[in-house]
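Q: Heads up: the sequence lines are chains A and B, in that order.
Residues in the first sequence are numbered from 0 upward in steps of one, following numbering that gives the first Met the number 0.
Residues in the second sequence are numbered from 0 upward in steps of one, following numbering that gives the first Met the number 0.
Glycine residues also receive a C-beta, built at the ideal position from the N, C-alpha and C atoms.
Values in this document were obtained by computation on a predicted structure and should not be read as measured data.
Below you'll find the structure I mean.
Number of protein chains: 2
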Amino acid sequence: MKLLDISEVSKQSGTAASAIRHYEEKGLITSVGRRGLKRLFGQEVLDQLALIELGKKAGFALDEIKTMFGPDGSASISRQKLYDKADDLDRQIDHLASLRDMIRHVAECPAPSHMECPKFRRLLRLGGKRTPSDHKVTRRGASL
Amino acid sequence: MKLLDISEVSKQSGTAASAIRHYEEKGLITSVGRRGLKRLFGQEVLDQLALIELGKKAGFALDEIKTMFGPDGSASISRQKLYDKADDLDRQIDHLASLRDMIRHVAECPAPSHMECPKFRRLLRLGGKRTPSDHKVTRRGASL
DNA sequence: ACTTGACCTCAAGTCGACTTGAATTTGTAC
DNA sequence: GTACAAATTCAAGTCGACTTGAGGTCAAGT
């Protein structure tokens, strides 16, 4: 298997070299060795970085990402914790959808002040509170 | 209309007093006056704080929230910008949904290593794909 | 042999959103 | 009129995720 130096990894992943070093230091990824001083990485690091990127976009801290998927990409974590995280995400998705609706509404509503618009106020209340009942379909396009 | 002092606002909104002061300093909210040194707020500040909370949950920076809804809660911003934000949110929701699917999958998949599971890799690629407007994401959450 | 440029380490800096602490000023309660 | 809790200001600290900078090392090309 071909080994990559840090600039190669950086180029292919779009992640800054300094960030890659940072991730290694934090234990999210591992270099397979060195040539002189220079780190060498296996191909799998690209997948791991993609995973890290995704986790970050989802708003997880590096430490959380690290515990979600083990250092080798395997799940060393309890099922329950994973389900909890998934539920967290569902909640966060609801928040985002609320805000999106609210913003679209603001863009269209003719009311002089948004706070005077009952629809807006409803959306606001909806976004701030947690209703265990409503499971909205928020995702566009692709199904699982 | 009844006026609230900061501790009342804090209690009713669940926002720390220090945070409320911080928001005022940044211009996201305004106190309507003082009694001695003490700030007095109108009822509307509660709605504004709810709005700020929501915006934060959606991953927006305070400055962004400030420009989204004017100081008085009115939209002083262009429609186009609002639509753009809404689109950002849609994109972010997709990311979250991808990660959620991935996590649920990890919790259930029997494959020895997730990277060996084609379904997992598909989900990873799906979540990692770059949209043209997707520059450096420095902050957690949405760009712009 | 030597210069170059990519890479290294380690410390310190940055940015956003607050929090914390110290010193001070009130309005109210006794 | 004095004590007290609650507010105030302002400066500095914290946390996460990096970035930046200074100074050092090394393999490869000329």
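Along the stretch 100-131 of chain A, what residues have a CB closer than 7 Å to any CB found in chain B?
A: Per Cβ criterion, the list reads 102, 103, 105, 106, 112, 113, 114, 123, 126, 127.
Q: Determine, using beta carbons only, whether residue 37 (chain A) comes closer than 7 Å to chain B.
A: No - not a single Cβ of chain B is within 7 Å of the one on residue 37 (chain A).
Q: Just tell me which of A:119, A:44, A:48, A:81 has its CA closest to the CA of residue 2 (chain A).
A: Among A:119, A:44, A:48, A:81, the Cα nearest to that of residue 2 (chain A) is on A:44.
Q: How far does the beta strand (DSSP E) with residue 35 (chain A) in it extend, from its first residue to its last?
A: No beta strand (DSSP E) holds residue 35 (chain A); DSSP gives it neither H nor E.
Q: Would you give the residue range spanned by the alpha helix (DSSP H) that residue 49 (chain A) belongs to?
A: Where residue 49 (chain A) is concerned, the enclosing alpha helix (DSSP H) stretches over 43-56.
Q: Check for me: the alpha helix (DSSP H) holding residue 97 (chain B) runs from which residue to which?
A: From DSSP, the alpha helix (DSSP H) with residue 97 (chain B) extends over 78-107.
Q: Considering only DSSP beta bridges, list what residue 123 (chain A) is partnered with.
A: Looking at the DSSP assignment, residue 123 (chain A) forms no beta bridge with any residue, so it has no partner.
Q: Note down, in chain order, each residue of its chain lying with its Cβ closer than 8 Å to the Cβ of residue 105 (chain B), except the 5 sequence neighbours on either side.
A: Cβ neighbours of residue 105 (chain B) beyond the five flanking positions: 113, 119.
Q: Since residue 18 (chain A) meets chain B, which of its residues come closer than 8 Å, beta carbon to beta carbon?
A: None at all; the shortest Cβ gap to chain B is about 11 Å.
Q: Please list the partners that residue 58 (chain B) has in chain A, where partner means a Cβ-to-Cβ separation under 7 Å.
A: Per Cβ cutoff of 7 Å: 58.
Q: Name the residue from B:80, B:110, B:7, B:81 whose alpha carbon lies nearest to the alpha carbon of residue 37 (chain B).
A: Closest option to residue 37 (chain B), Cα to Cα, is B:7.
Q: Check the Cβ of residue 42 (chain A) against every Cβ in chain B and list those closer than 9 Å, keeping chain order.
A: Within chain B, no residue comes near residue 42 (chain A); the closest Cβ sits about 10 Å away, beyond 9 Å.
Q: Taking residue 78 (chain A) as the query, report the chain B residues whose CB atoms sit under 7 Å from its CB, ordered along the chain.
A: 106, listed in chain order.
Q: Taking only beta-carbon atoms, is residue 84 (chain A) less than 7 Å away from chain B?
A: Residue 84 (chain A) counts as touching chain B.
Q: Going by C-alpha to C-alpha distance, which of A:89, A:79, A:98, A:101 sits closest to residue 107 (chain B)?
A: Among A:89, A:79, A:98, A:101, the Cα nearest to that of residue 107 (chain B) belongs to A:79.
Q: Could you tell me whether the Cβ of residue 133 (chain B) comes closer than 7 Å to any Cβ of chain A?
A: Bear in mind that the predicted position of residue 133 (chain B) carries a pLDDT of just 34, short of 50, making it unreliable; the figure below should be weighed with that in mind. So no, residue 133 (chain B) is outside the interface.
Q: Taking the alpha carbon of residue 117 (chain A) as the point to measure from, which residue in B:30, B:46, B:32, B:9 has its own alpha carbon closest?
A: Closest by alpha carbon: B:46.
Q: Counting only beta-carbon separations shorter than 7 Å, does residue 49 (chain B) have a partner in chain A?
A: Residue 49 (chain B) counts as touching chain A.
Q: Can a CB atom of chain A be found closer than 7 Å to the CB of residue 91 (chain B)?
A: It does: the Cβ of residue 91 (chain B) has a partner Cβ on chain A nearer than 7 Å.
Q: Taking the alpha-carbon of residue 31 (chain B) as reference, which of B:24, B:40, B:96, B:23 has the nearest alpha-carbon?
A: Residue 31 (chain B) has its Cα closest to that of B:40, out of B:24, B:40, B:96, B:23.
Q: Could you compute how far the alpha carbon of residue 102 (chain B) sits from the alpha carbon of residue 59 (chain A)?
A: So the alpha carbons of these two residues sit roughly 13 Å apart.
Q: What is the DSSP secondary structure of residue 27 (chain B), reduced to helix, strand or coil?
A: Coil.
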